[in-house]
Structure formats: structure tokens, C-alpha cells
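Here's the structure we're looking at; comments come further down.
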Amino acid sequence: LSGLHAFAAPQFQSSTLERSAAAGNLSAAIAKPALSRSSLKDELPAGLNTREKLQFLSARLDDRKFRLGAVHGDTMATLFNIVEIYEQALEQDDDSVWRDLPAVDHLNIALNLRLFGHLFMEADDLGSSHRLFSAVLTLTEHVLGSEHPDSALCLFDLATLSGRRREFQLSEILYGKAIEIMEARLGAGHVYSAAAENNLAVAYHWQGKREQAEPLYRRALQIVLSKTRNDSPERQICMTNIGKLNEEHNR
73 LSGLHAFAAP QFQSSTLERS AAAGNLSAAI AKPALSRSSL KDELPAGLNT
123 REKLQFLSAR LDDRKFRLGA VHGDTMATLF NIVEIYEQAL EQDDDSVWRD
173 LPAVDHLNIA LNLRLFGHLF MEADDLGSSH RLFSAVLTLT EHVLGSEHPD
223 SALCLFDLAT LSGRRREFQL SEILYGKAIE IMEARLGAGH VYSAAAENNL
273 AVAYHWQGKR EQAEPLYRRA LQIVLSKTRN DSPERQICMT NIGKLNEEHN
323 R
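Be aware that the sequence shown starts at 73, since it is given in the numbering used here, and climbs by one per residue.
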């Protein structure tokens, strides 16, 4: 089944930043990044509250991406130190992390974490990718709500990651929930729904569940035929996957 193709993750609805602008040239950084030894305690000045810590680290992350590059060890260290602050707040039931920082700042942090999550997934560091995607889901659900389209895209990311880890049953559940939210909030004919339906079909197809995959492939194709241009990559992906399915039926 090596000929199957999944859709790439769509952009967040709440962000207009392009992937290349937010995280540097990720496509050129497939090699697994080496993390710095800089710990959260080492990196932060003393006496900062939670809001000040996140603001300090967010500014440092932007600076290090610009000066050192997206995959430099020090950039990555700052990234995971931001994640650690959110993880500590959740463990300690500290709601000041949500109360003290404006929603737009949380969303900008979530955007950064999501982009780096995809970088780590491309580098096949799936554990780091899962940690980042999980943090993004937490941030997005807290700020926008669990039924927001961007929360659905977080589920999309985790579903894609689960497929990479061959955790297909979990992938099915996550894609299914993402589709429910997308159809409720964006409409059944939205291209985001088509992306999730195609990828869910791929998860079924990998497991040999062709009867479940086929209607999803065809529904995704129907959407992209009505919503995208003739030479769009989405059309090519859908046609390739359906063609692969038809080849198997004819054997």
C-alpha cells in the first residue's frame, strides 16, 4: 500500500501566518534535530510569574528562530521549555497560565508548537511530535473551545501522527471526531472535511478495510472536485488513492 497518499495538515482558521514564515524553512530540515541541554530553570531569569515566563520564552523563541534557525538545539530547548510550563500548570492545576496571558498570545504559542510538531514528525521523532501536538490541543481547546475548527485540526494532527505510529484504531477515532467538528462548524462540503475523510480512508485502507475506505475516498473526491482547481494536489491525491483501490478490486 505504499502508493497511498494522505492530505497535509491544513492551516489553523485563527491564524494567517504561513508555515515558512512562522518556523523557517522546515522542508530543508528533515534531519533529526539535536536538543540543547538548556533547562527551564537555566533559561529563565529569577522571579518571573507564569505570564512573564511565557512572554519571555516566546520572545526568545522568535529571536532564536531568526538568529540560529528553526532546528538549532537552543531553539528547540526554548520550545520544549515553553511546553514544560504548560505541562507543569496542568499537573499543578494552576489556572493562572490561562488567566494571566491574553488569548492571542496562547494562540501564537500554539501555532509555533504545531509547526515544530510537524517538523519533528517529518524528522521521524514521533515522541517529540506527540508531546507538542498534545500541548497544542490543550492550548487550543482552552482558548477556543473543544468544538472549534482549530481544535479539530489538532485532532487531525494527532490522528496523522497515530497513523505514522501504526496506531490505526486511535487514528480512526481522532479523524472521526475531527470530521464531526469540521462538518458541524464548517459544513460537510468543506475541503478540511475532505482532508480528514481522505486520511481516515487511508487508515482504513492500510488495514485492509476497503469497504469502509471507498465511500470516504469518493466523498473526499467529490468535495475537492467542487472546491479546488483542476491541477490541485488534492485532486491528484484523491484520484491516486481511488485508483489504487480500484486496482486491488480488479486483481
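Heads up, the beta-carbon is just placed ideally off N, CA and C, and yes, glycines get one too.
Just so you know, these numbers come straight off a predicted model, no measurement behind them.
For residue i, three-class secondary structure by DSSP
{"i": "Q294", "result": "helix"}
{"i": "E239", "result": "coil"}
{"i": "F188", "result": "helix"}
{"i": "L151", "result": "helix"}
{"i": "H321", "result": "helix"}
{"i": "R301", "result": "coil"}
{"i": "H178", "result": "helix"}
{"i": "G280", "result": "coil"}
{"i": "L140", "result": "coil"}
{"i": "D165", "result": "coil"}
{"i": "P82", "result": "coil"}
{"i": "I309", "result": "helix"}
{"i": "G248", "result": "helix"}
{"i": "L272", "result": "helix"}
{"i": "G261", "result": "coil"}
{"i": "L116", "result": "coil"}
{"i": "A285", "result": "helix"}
{"i": "A256", "result": "helix"}
{"i": "A266", "result": "helix"}
{"i": "A195", "result": "coil"}
Unbroken alpha helix (DSSP H) run spanning residue i, endpoints
{"i": "P221", "result": "P221 to R236"}
{"i": "L120", "result": "Counting along the chain, L120 falls outside any alpha helix (DSSP H), and DSSP gives it neither H nor E."}
{"i": "L211", "result": "L198 to L216"}
{"i": "V169", "result": "S168 to R171"}
Neighbourhood of residue i by C-beta distance below 8 angstroms, restricted to the same chain and skipping five residues each side
{"i": "L133", "result": "T147, T150, L151, I154 and N184"}
{"i": "N121", "result": "S168 and D172"}
Beta-carbon separation (whole angstroms), residue i vs residue j, contact threshold 8 angstroms
{"i": "S223", "j": "I253", "result": "7 angstroms"}
{"i": "L227", "j": "A250", "result": "4 angstroms"}
{"i": "A195", "j": "S243", "result": "Not quite, the Cβ-Cβ distance comes to about 20 angstroms (not below 8 angstroms), so this is no contact."}
Cβ-based neighbour list, residue i, same chain, cut-off 6 angstroms, excluding 5 preceding and 5 following
{"i": "H178", "result": "L211 and V215"}
{"i": "E306", "result": "V296 and T300"}
{"i": "F192", "result": "S200 and S201"}
Beta-carbon proximity list for residue i, same chain, < 7 angstroms, skipping 5 on both sides
{"i": "L35", "result": "Look at the range of the chain in this structure, 73 to 323, and you will see that residue 35 is not part of it."}
{"i": "R291", "result": "E269"}
{"i": "F240", "result": "A275, W278 and Q279"}
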